[in-house]
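Here the structure comes first, spelled out in C-alpha cells, and everything after it is commentary.
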Amino acid sequence: MLILMVALGGALGAWARYQVSGWVYNRAGAEFPWGTLTVNVSGSFLLGILLPTLVSSPSMTPGRAFVEVGCIGAFTTFSTFAFEAVTLIEAGQPRRAALYVLASLGLGLGAIILGLLIAARIP
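Quick note, the sequence shown lines up with residues 8 to 130 if you use the numbering used here.
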C-alpha cells in the first residue's frame, strides 16, 4: 500500500512541478532558473507547514507516504538545481550561479522555517 501511495503522490507532484515550473518560465524567462527555484522554495514551505502533522506518527503511514515522499518529493528537485547551477557556471556566469545557489538554500531554509512557524499557530 505504501508503494502505491508514493507512486500516486509522485505522479501528482511531478505533474504539479511541470505545471508550476513551466508557468514561471513562461512569465519570467529562462535567463535564470526561476522555475526550479520557485518549486523548491514553495515545496520547502509546504513541507514546513505539513511536517508537524506528518511526523506526529513515528511510522510511515499511507497518507504521509503520499504527501511527504510522493507529492513533495517529486515536486521539488535537487538534481535539477545542481544541473542548472553548473550550466550557469559553464555559460560563464559564475556570479549568477552563486546567487542561484545562495538564494535556493537561503530561501528554502527560510520557507521551511516560515512553514513550521505558521503550522505551530494553527490549532
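Heads up, the beta-carbon is just placed ideally off N, CA and C, and yes, glycines get one too. Given the structure is predicted, the values throughout are model-derived calculations rather than measurements.
{"Asked": "Any beta carbon of chain B sitting closer than 7 Å to that of Ala127?", "Found": "The structure shown has no chain B; it contains just one protein chain."}
{"Asked": "Using 8 Å for Cβ pairs, my map puts Ala14 next to Gly77. What's the rounded Cβ distance?", "Found": "7 Å"}
{"Asked": "Could you give the distance in angstroms between the alpha-carbon of Gly122 and the alpha-carbon of Leu53?", "Found": "7 Å"}
{"Asked": "Taking the CB atoms as reference points, tell me whether Gly115 and Asn33 lie closer together than 7 Å.", "Found": "no"}
{"Asked": "If I follow the unbroken alpha helix (DSSP H) through Gly29, where does it start and stop?", "Found": "Leu9 to Ala35"}
{"Asked": "The alpha helix (DSSP H) that contains Ile125, what's its start and end?", "Found": "Pro101 to Arg128"}
{"Asked": "Mind checking whether the beta-carbon of Ile96 lies closer than 6 Å to any heavy atom of the ligand FMN?", "Found": "This structure simply doesn't include the ligand FMN, nor any ligand for that matter."}
{"Asked": "Using a Cβ-Cβ cutoff of less than 6 Å, which residues in the same chain neighbour Ser28 once the five nearest sequence positions on both sides are dropped?", "Found": "Gly42 and Val46"}
{"Asked": "Give every residue of the same chain whose Cβ lies closer than 6 Å to the Cβ of Ser51, excluding the five residues on either side of it in the sequence, and list them in chain order.", "Found": "Gly115, Ala118 and Ile119"}
{"Asked": "With a cut-off of 8 Å on the beta carbons, I'd call Ala104 and Leu95 a contact; round off their distance for me.", "Found": "4 Å"}
{"Asked": "Taking Tyr107 as the reference, which of Ala126, Ile125 and Thr87 has the closest Cα?", "Found": "Thr87"}
{"Asked": "I'd like to check one pair, Ala35 with Phe82: are the Cβ atoms closer than 7 Å?", "Found": "no"}
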